[in-house]
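The working numbering applies: residue 15 is where the sequence shown begins, and numbers increase by one. Below is one structure, written out as structure tokens; the observations come after it.
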Amino acid sequence: MSSQQGGGVGTFLINLSGGAISGAIACCCVFPIDTIKAKLQSSSGSGLVQVIKQTISVENGGVKALYRGIGPNLVGIMPEKAIKLAANDFFRGFLSEKFVSNKSGQIQQLPLWIEVASGGLAGACQLVATTPMELLKINAQLANKGHSTIQFIKESGITGLYRGLFATLMRDVPFSMIFFTLNARIKNYFRSKTQQQYLPLPYVLLSSSIAGSVGAFLATPMDVIKTRLQYVGKGNEMQNMNYFSAAKYCYQNGVLWRGALPRVMIISPLFAITLICYELFQKILGIKTV
């Protein structure tokens, strides 16, 4: 099969499909941890064990409560991951064609600014899907038994679904800059050692796990702020604050790093599984990215 470069429109559409399928598979694997993370970040004093016990209590619906909100998350994560992964490959291909001479046609180490810019642009592009998905997911995860996502959508309206747009931007752009840049550089290191165009899956797993862990940890404060701004339940004193007031409140109350461990436990396998599926998809179709 002839290889295709990562900047073409046809390849971009194929990558959209691969990203969507990969994201859905990964979401199903890590969603329970994400529920615990959201509950930790929205509280001020409860510990991890206490949050888990409260979440899976009989009064709250038992173990099924760990999957509360997975419906809208699955619907949203497919376009989100599709846009994120395909956009990053598209911008890497586009910018490298404009600014990098590559006569060999082989995958090479791009300038740092192209990797950072491509990741940041990909993070910005995904906001159209990420913001409503995160809003619906968070409010379902933090709600009591009997929460209706359909009713929540009706009450929020279209504009209400984009509550926390700026907060999502402030989390996803820095994370994507870190993740995609670090992931690409680790992969290129392994390529130099193995001399293989398509890395064996264990190397893909290791690269994406390391990049995901670092990005997830460093973006935790922005994730805490976003979670608290998007939750519209009773007792959330932050829901009407602007972003900078919310950031100051979280800092003063010492909650900026709450849920850091569960977040790393989510993002690392989430992106590892997603990238394994995505790169396997590209390998099968003979797609070559820069």
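Heads up, the beta-carbon is just placed ideally off N, CA and C, and yes, glycines get one too. The model shown is predicted, which means the values in this text are computed figures rather than measured ones.
Hey, could you find the ends of the alpha helix (DSSP H) residue i is sitting in?
i, result
"Ile224", "Leu215 to Leu232"
"Tyr263", "Tyr257 to Gln266"
"Gln296", "Ala274 to Leu299"
"Trp127", "Leu126 to Cys139"
"Gln211", "Segment: none, Gln211 is in no alpha helix (DSSP H) and carries neither H nor E."
"Gln165", "Thr163 to Gly174"
For a quick check, are the C-beta atoms of residue i and residue j less than 7 Å apart?
i, j, result
"Gly134", "Ser190", "yes"
"Ser56", "Tyr265", "no"
"Ile110", "Leu124", "For clarity, residue 110 is Ser in the given sequence; the question names Ile instead. Yes, the Cβ-Cβ distance between Ser110 and Leu124 is below 7 Å."
"Leu30", "Ala100", "yes"
"Ile200", "Ile224", "yes"
"Lys95", "Gly37", "yes"
"Leu243", "Ala261", "no"
"Leu149", "Arg177", "yes"
"Ala181", "Tyr263", "no"
"Gln140", "Ile97", "yes"
Which residue's Cα is closest to the Cα of residue i: the options?
i, options, result
"Lys78", "Arg199, Leu54, Glu94 and Pro46", "Pro46"
"Thr173", "Pro146, Phe295, Asn158 and Ala198", "Pro146"
"Ala52", "Ala38, Leu175 and Lys240", "Lys240"
"Val278", "Gly83, Ile152 and Asp237", "Asp237"
"Gly160", "Asp103, Val130, Leu215 and Gly76", "Gly76"
"Gln296", "Glu169, Val218 and Leu232", "Val218"
"Thr49", "Phe104, Arg177 and Ile280", "Ile280"
"Phe231", "Phe204, Lys248 and Phe193", "Phe193"
"Leu156", "Glu169, Asn250 and Gly268", "Asn250"
"Lys137", "Ala233, Asn158, Cys42 and Val65", "The sequence shown places Gly at residue 137, not Lys. The candidate whose alpha carbon is nearest that of Gly137 is Ala233."
With a cut-off of 7 Å, does the C-beta of residue i fall near any C-beta of chain C?
i, result
"Trp271", "Of the chains in the structure shown, none is chain C; there is only one protein chain."
Decide if residue i is buried, meaning its Cβ has at least 16 other Cβ atoms within 10 Å, or exposed.
i, result
"Val63", "exposed"
"Gly21", "Legend: pLDDT at Gly21 = 49, less than 50; position of this residue unreliable, value from coordinates given subsequently. Per the 10 Å Cβ criterion, buried."
"Thr208", "exposed"
"Pro235", "buried"
"Ala198", "buried"
"Pro86", "buried"
"Val72", "exposed"
"Ile84", "buried"
"Ser132", "buried"
Closer than 6 Å to a non-hydrogen atom of the ligand COA - does that hold for the CB of residue i?
i, result
"Ile97", "Among the ligands in the structure shown, none appear at all, so the ligand COA cannot be discussed."
Within the region 46-100, ranges of the alpha helix (DSSP H) (whole runs, at least 4 residues):
For the region 46-100, the full-length alpha helix (DSSP H) segments reaching 4 residues or more read 62-69 along the chain.
Runs of alpha helix (DSSP H) lying entirely within the region 176-209, each at least 4 residues, in chain order
179-208
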